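Heads up: the structure comes next, in structure tokens.
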Amino acid sequence: MDIEAIKINIGTEIQDLASLEALEELRVKYLGRKGVLAELTGSIPGLPVEARAAFGQSVNALKNKITLLIEEKKKLLAAPAAGGSAERVDIGMPGIVHEPGRLHPLTQVTREICAIFTRMGFSIIEGPEIETEFNNFTGLNIPLEHPSREAFDTFYLKADHRAPTTDHLLLRSHTSPVQIRVMKEKKPPLAVVVPGRVYRPDAVDASHSFMFHQIEGFIVDKNIRFSDLKGILEFFAKQVFGQDILMRFRPHFFPFTEPSAEVDISCVICKAKGCSACGRKGWIEILGSGMIHPNVFKHVGYDPKKYSGFAFGMGVERIAMLKYGINDIRLFYENDLRFLKQF
Ligand code: DAH
């Protein structure tokens, strides 16, 4: 056994060890009762007398060196932060599964609807959820005595909202007030869609929520006609619900449009035959629309003789429920992953 060879190699031999068990094996191999060093010591009596002392000293020095190296390595393996055993990569361990999130179905449907309109040249503009009474009502030709002005239909931010002098603040009850904001700021031609949250003090049930989402749309220019409204809404409805749906315009009243119409599509479930989803009618209402009322133009300083326009408004939840056959609006707000993961 060559002492010099052991001295040279022992360093790398210990360095390569990866566990306390392997280190113990090495200790037994060198320092154990029948180990390498015991063997070297045992060979001393067989040496010439004059060589024994020097050989004994080098064996001792080697023993001290190995003991020291083992102690150091032991500390290293026991301390994880210092690069010890706990830091080693266990390739047999199960991986960490990263589940990427996804867009909420209402966000998906909002984007899909807005994209249909931006492809036709509309811009997307958003407005604030806290609105003035003027923009939410007066500017839109909704007179003071109109039922929806009453506090039970709108969340007012001030208690005495009927005091005539100030323009009170409220949570907007529709996205139509953004019409007023945009028209006050810009001149025609305008083609705008407005997605956003709206608020109404409704009791929550399968089809009502105190907060929901709408998309308003409007065009203002010279010579805009009802037939433009029909063409654009038909294109929109067929993009969302399929080319084979039927569509009808049903006369209706909205204060901010004249004439006004509600738009129905043939029931997506029974194909206009009549079923429980459409109340046996065969038709399902999807939005309100009409030609912008001259009074609205006057409120924003447009000349109603020069310009005309149309507007429409739809509920995003309603469109999403029809599109995906969802029967309870509350599912959108509960954040139950079993529901959300389906989209
Ligand atoms: N703002 C109406 C609502 O919330 C929806 C609506 C109807 C908007 C007709 C319009 C429209 O622009 O022309 O019920």
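Residue 638 in our numbering is what sits at position 247 of the sequence shown, and the numbering runs on without skipping anything. No residue lacks a Cβ here, since even glycine has one placed at the ideal position from N, Cα and C. These numbers were taken from a predicted model, which means no experiment stands behind them.
Can you determine whether any heavy atom of the ligand DAH sits closer than 7 angstroms to the C-beta of residue 537, and answer yes or no?
no
Would you mind sorting residue 473 into buried or exposed? The rule is 16 or more other CB atoms within 10 Å of its CB.
Residue placement at residue 473 cannot be trusted, given a pLDDT of 49 that sits under 50; what the coordinates show is reported in the next sentence. The Cβ neighbour count for residue 473, taken over all protein chains shown within 10 Å, is under 16; the residue is labelled exposed.
Under the criterion of a Cβ to heavy atom distance below 7 angstroms, does residue 567 qualify as lining the ligand DAH?
yes
Going along the chain, which unbroken runs of the beta strand (DSSP E) with 3 or more residues stay wholly within the segment 576 to 609?
581 to 590
Terminal residues of the continuous alpha helix (DSSP H) containing residue 712?
707 to 715
Closer than 7 angstroms: is that where the CB of residue 525 sits relative to any heavy atom of the ligand DAH?
Not so, every heavy atom of the ligand DAH lies at least 7 angstroms from the Cβ.
Residue 671 burial status per 10 Å Cβ neighbour count (16 or more: buried)
exposed
For residue 700, is the classification buried or exposed, using 16 other Cβ atoms within 10 angstroms of its Cβ as the cut-off for buried?
buried
Where does the unbroken beta strand (DSSP E) through residue 434 begin, and where does it stop?
Unbroken run through residue 434: none, as it is neither H nor E.
Chain-order list of residues whose beta-carbon lies under 7 angstroms from that of residue 419 (same chain, five-residue window excluded)
426
Residue range of the beta strand (DSSP E) that includes residue 639
638 to 645
Bridge partners of residue 683, per DSSP?
648
Does DSSP put residue 474 in a helix, a strand or coil?
Bear in mind that a pLDDT of 49 at residue 474, under 50, signals an unreliable position, so the number given afterwards is only what the model happens to contain. Looking at residue 474 - three-state DSSP - the assignment turns out to be coil, as it is neither helix nor strand.
Option in 614, 650, 660 with minimal Cα separation from residue 633:
660
Quick one: grab the DSSP three-state call for residue 730.
helix
Just grab the DSSP bridge partners of residue 611 for me.
581, 700
To which residues of the same chain is residue 517 closer than 6 angstroms at the C-beta, ignoring the five residues directly before and after it?
587
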